[in-house]
Amino acid sequence: MKRLTLSVALLLAFASAAMAGQKVVLQDGDDLYDIQVLQSSLERSVLHYAVNAFTLETVLIDGREYSRVDLGRRAHHLEVGLPELPTLRESIVIPDDATMSLRILDARYVDLPGIDVAPSKGNLTRNVDPELVRHSFADFYGENAWYPAETARLDEPYIMRDTRGLVVEINPFVYNPATHTLRVYTGLTIEVAASGPGTVNVLTHRPDKPVAEFERIYESHYLNYAQAGAGERYASVPEGGCLLVIAYDAFLGALQPYVNWKNQMGIRTTMVPVSTAGATGAALKSYVQNRYDTDELCYVLLVGDGPQVPYLTVAGGASDPSLALLAGTDSYPEAFIGRLSATTTAEVTNQITKFIEYERDAQAGADWYKKGTGIASSEGAGIGDDGEADWQHANVIRNKLLAFTYNQVDQIYATNGGTAAMVTTAVNYGRSIMNYTGHGSETAWSTTGFSNTHVNALVNDNKLPFIVSVACVNGNFPNLTCFAEAWLRASHNGEPTGAVGMYASTINQSWAPPMSAQDEVVDLMIAGAKRSYGGLCFNGSCKMMDEYGGTGQTEYKCWTVFGDPTLRVRTDTPTAMSVTHDDQILLADTHFTVHAEMGALVGLSHNGTYLGSAIADISGTAVVAIEGTLPETAITVTVSSFNRFTYVGQVDVLVDLTPVGESTPGAIALGQNHPNPFNPKTTIGFALPAATRVTLDIYSATGQRVTRLVDEVLPAGQQQVIWSGADEAGRAVGSGVYFYRLQGGDWSETRKMMLIK
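Residue numbers for the sequence shown, in the working numbering: 136 to 892.
Dropping the structure here:
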């Protein structure tokens with residue numbers, strides 16, 4: 136390790152900053168800190184960390200000045216009585232079955248004397264006022280030692296569906312109270328490498344198919360995902376994933392339209408009664424585990440209130456997200472879980488109507504999609520994530536949304552006299568996103584006092600926001616109609632009102648960690664990540680667990696998605712999407728190609744039966760693998776994408792030779808192919824007055840035969856044959872003019888067609 140000497144000028148600037156609560160610059164750099172992946176494979180990664188600057192804030196404790204160290208939007212150590220210092224915690228993807236070791240390759244630091252670092256008040260919950268909690272000093276403050284003791288360390292490995300990862304913790308700030316010295320690592324290079332067989336959370340089973348939703352999570356979650364080549368472990372195309380609906384038995388009939396719609400979208404969906412799944416939380420977990428092991432489910436929707444559908448418990452609260460912990464002993468999810476809480480079939484119907492119409496029937500020209508609301512308390516300065524008070528945190532989110540697709544984001548804060556009437560006015564006009572950060576109860580937001588009563592009086596017919604609520608017990612559903620349930624169940628004169636989804640906790644949330652998750656939900660959304668509501672919420676919690684470790688894990692397990700976890704959120708006035716595909720498919724075909732835009736979900740279905748799905752690649756092409764047997768009738772193709780109108784079209788299913796009419800023609804006749812021009816296939820129709828041996832050949836423009844489509848006796852009537860655009864060897868032919876010739880006995884006819892690619 137190399138100690139760097141501070142210049143006199145820097146020391147003077149540092150002393151001034153400490154008093155004024157300003158920025159301390161240590162070295163050149165565009166950002167406060169940098170993290171770089173220098174080299175990476177699954178077995179070995181070399182990471183470099185640099186701290187270029189930081190800020191010091193003055194904290195008064197019993198009349199004496201202490202300093203709080205901030206490093207931008209990074210979490211702090213929250214151990215009561217110990218120095219509250221920033222930490223850098225990020226996940227990397229690692230081998231399925233290896234033990235990983237850490238080695239420091241290079242370290243450079245500066246020592247800043249004369250610093251008294253303030254201790255942490257701990258991980259406070261939001262049912263207390265931080266200002267009323269006094270600072271305490273642990274015995275450490277009387278010792279000649281450094282905290283944290285380790286500059287770099289590794290957490291235990293965890294499994295996230297089909298990847299294995301671990302958190303690398305870097306502590307660039309360490310403090311010695313005896314010498315009043317703050318040590319700052321301005322540069323740190325480390326190696327994380329496999330050092331032997333794995334013993335903790337070894338990944339022994341990987342799902343057969345990749346799911347696009349998780350692939351997107353991995354790309355943003357793991358520092359080294361792209362460099363390590365982890366995304367190349369599948370040869371198959373990512374699909375939309377599968378959904379398991381577990382419903383109170385009496386609700387099965389009411390849910391069928393929702394199941395049909397999800398299958399139509401391209402999310403393979405099955406439904407089972409809770410009487411089959413299990414009467415206790417433990418039995419339900421066992422059932423979900425078995426379905427994950429056999430069917431590789433990606434989403435679970437529980438339908439019913441606490442008395443109808445059981446739940447697990449964690450920290451005294453209901454824990455639906457624990458059902459998603461399906462591999463290893465860690466707290467990172469393998470699936471996304473949501474709850475449609477209802478006590479009657481009418482409440483079920485109201486909510487599935489919300490979900491279906493929100494996705495399928497986007498409102499043309501509607502500007503409410505471009506509007507959002509932030510609601511926040513005045514508390515939390517120096518305690519919240521990134522040291523922010525709730526209202527400051529809400530403003531950071533607001534600025535991000537305004538730089539995205541939004542043209543208005545309300546500031547309904549305690550600092551500016553926010554009221555329930557303000558919330559009502561905003562929601563009734565229409566808002567697509569709402570973020571709340573503050574105190575809460577089982578039936579209300581403490582800031583503004585907006586409660587179940589206000590929710591039930593809303594008239595925002597079909598203008599429905601999705602909500603992320605950082606508050607205590609807004610989602611405590613087992614014993615009463617909680618605040619989140621009121622938002623989802625709301626209606627007005629038979630039309631859906633309230634919200635389309637709400638992320639709310641069943642327990643008293645802690646102060647800082649959930650703010651980190653709320654930040655991440657918005658960051659992922661504005662980065663253009665086309666994620667489901669469940670994916671956004673769960674991925675936000677994964678970031679929180681990375682940054683805050685065990686405290687974040689408890690928050691995740693009790694933070695509940697109320698609504699459809701598969702829901703594709705909207706943040707802008709919808710626009711049309713160009714979608715092209717063949718209007719016919721052969722009964723024997725195994726694949727169907729649709730051209731749309733990158734990331735679009737393409738689903739094939741028939742009367743609510745799932746036939747296949749795929750995610751469009753970078754060129755906008757989705758090649759759907761057909762599951763099962765196609766029906767001998769038209770099928771539905773559905774294409775959905777971020778902030779687009781949903782496309783629904785029909786595709787005719789044809790056998791290779793299909794009689795298309797019962798009338799017997801008077802003579803042999805050859806029709807014009809359709810479509811023409813075509814790509815990649817076309818249909819050729821002809822008529823026979825009697826059973827006749829016929830041949831149908833394709834020729835190139837130079838007169839060479841490309842392939843023979845028919846050489847057999849066919850019955851009288853109208854016939855259809857599809858040419859796939861391939862030669863006799865099965866190779867796709869090039870663009871150009873082709874001829875097709877039908878011959879029967881002494882009769883023949885030739886027509887021209889054009890293939891355009």
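Each residue gets a CB set at the ideal place from its N, CA and C atoms; glycine is no exception. The model shown is predicted, which means the values in this text are computed figures rather than measured ones.
In the DSSP assignment, what residue or residues form a beta bridge with residue i?
{"i": "Cys-377", "result": "Arg-403"}
{"i": "Lys-506", "result": "Gln-543"}
{"i": "Tyr-745", "result": "Ser-740"}
{"i": "Ala-382", "result": "Pro-408, Val-438"}
{"i": "Arg-703", "result": "Ser-667"}
{"i": "Thr-728", "result": "Val-758"}
{"i": "Leu-511", "result": "Here residue 511 is Ala; the residue named in the question, Leu, does not match the sequence. For Ala-511, which the question treats as bridged, DSSP gives the partners Tyr-548, Thr-572."}
{"i": "Glu-847", "result": "Val-829"}
{"i": "Tyr-184", "result": "Ile-170, Leu-323"}
{"i": "Gly-331", "result": "Thr-234"}
{"i": "Trp-858", "result": "Thr-817"}
{"i": "Pro-221", "result": "His-211"}
Could you tell me the alpha carbon to alpha carbon distance between residue i and residue j, rounded to whole angstroms?
{"i": "Ala-555", "j": "Glu-514", "result": "19 Å"}
{"i": "Ala-592", "j": "Asn-485", "result": "16 Å"}
{"i": "Arg-203", "j": "Ile-250", "result": "10 Å"}
{"i": "Thr-488", "j": "His-627", "result": "13 Å"}
{"i": "Glu-217", "j": "Asp-658", "result": "Note on identity: in this sequence residue 217 is Leu, with Glu being the wrong assignment. Looking at the two C-alpha atoms, the distance is approximately 31 Å."}
{"i": "Lys-892", "j": "Lys-816", "result": "11 Å"}
{"i": "Met-733", "j": "Asn-306", "result": "39 Å"}
{"i": "Tyr-393", "j": "Leu-387", "result": "10 Å"}
{"i": "Thr-599", "j": "Val-558", "result": "Checking the sequence, you will find Leu at residue 599 rather than Thr. Approximately 13 Å, taken between the alpha carbons."}
{"i": "His-183", "j": "Ser-754", "result": "34 Å"}
{"i": "Thr-686", "j": "Val-319", "result": "26 Å"}
{"i": "Ser-713", "j": "Ser-776", "result": "11 Å"}
{"i": "Asn-656", "j": "Leu-671", "result": "The displayed chain sequence assigns Val, not Asn, to residue 656. Whole-angstrom Cα-Cα distance: 5 Å."}
{"i": "Ala-639", "j": "Arg-288", "result": "33 Å"}
{"i": "Arg-238", "j": "Glu-326", "result": "5 Å"}
{"i": "Leu-161", "j": "Phe-471", "result": "43 Å"}
{"i": "Ala-280", "j": "Ser-667", "result": "47 Å"}
{"i": "Glu-354", "j": "His-315", "result": "41 Å"}
{"i": "Leu-831", "j": "Asp-846", "result": "7 Å"}
{"i": "Pro-631", "j": "Phe-490", "result": "10 Å"}
{"i": "Asn-609", "j": "Thr-725", "result": "48 Å"}
{"i": "Thr-576", "j": "Ala-253", "result": "Correcting the residue identity first, residue 576 is Ser in this sequence and not Thr. About 31 Å."}
Could you tell me which of the options sits nearest to residue i, measuring between CA atoms?
{"i": "Thr-728", "options": "Ser-410, Trp-396, Ala-462, Ala-751", "result": "Ala-751"}
{"i": "Thr-837", "options": "Tyr-875, Arg-403, Asp-718, Asn-814", "result": "Tyr-875"}
{"i": "Asn-359", "options": "Thr-298, Met-406, Ala-313", "result": "Thr-298"}
{"i": "Glu-82", "options": "Val-302, Glu-291, Asn-311", "result": "Residue 82 cannot be examined here, being either before or after the span of the chain that is shown, 136 to 892."}
{"i": "Val-605", "options": "Gln-854, Thr-641, Met-888", "result": "Thr-641"}
{"i": "Phe-897", "options": "Val-483, Asp-428, Ser-176, Ala-188", "result": "With the chain covering only 136 through 892, there is no way to say anything about residue 897."}
{"i": "Leu-447", "options": "Gly-439, Leu-458, Asp-440", "result": "Leu-458"}
{"i": "Gln-853", "options": "Asp-881, Ala-802, Arg-843", "result": "Ala-802"}
{"i": "Pro-332", "options": "Phe-780, Ile-229, Glu-214", "result": "Ile-229"}
Tell me the DSSP secondary structure of residue i in three-state form.
{"i": "Ser-586", "result": "strand"}
{"i": "Tyr-446", "result": "coil"}
{"i": "Ser-581", "result": "coil"}
{"i": "Thr-464", "result": "coil"}
{"i": "Trp-882", "result": "strand"}
{"i": "Lys-344", "result": "coil"}
{"i": "Gly-473", "result": "strand"}
{"i": "Ile-803", "result": "coil"}
{"i": "Ser-226", "result": "strand"}
{"i": "Asn-628", "result": "coil"}
{"i": "Ser-202", "result": "strand"}
{"i": "Val-635", "result": "coil"}
{"i": "Ala-370", "result": "Unreliable positioning characterises Ala-370 in this predicted model, as indicated by a pLDDT of 47, which lies under 50. The coordinate reading is nonetheless provided below. Ala-370: coil per DSSP, three-state reduction."}
{"i": "Gln-785", "result": "strand"}
{"i": "Ala-822", "result": "strand"}
{"i": "Val-656", "result": "helix"}
{"i": "Ala-501", "result": "coil"}
{"i": "Trp-694", "result": "strand"}
{"i": "Phe-308", "result": "strand"}
{"i": "Val-795", "result": "Any reading at Val-795 must be qualified, since the residue scores a pLDDT of 49, below 50, and its modelled position is unreliable; the value itself is stated next. Val-795: coil per DSSP, three-state reduction."}
{"i": "Tyr-564", "result": "helix"}
Any chance the CB of residue i is under 8 Å from a heavy atom of the ligand GDP?
{"i": "Thr-715", "result": "Absence of the ligand GDP is noted for the structure shown, with no ligands found whatsoever."}
I believe residue i touches residue j by the beta-carbon criterion, under 8 Å. Please report the beta-carbon distance rounded to the nearest angstrom.
{"i": "Thr-773", "j": "Ser-740", "result": "7 Å"}
{"i": "Tyr-548", "j": "Ala-579", "result": "Not really, about 17 Å apart at Cβ, beyond 8 Å."}
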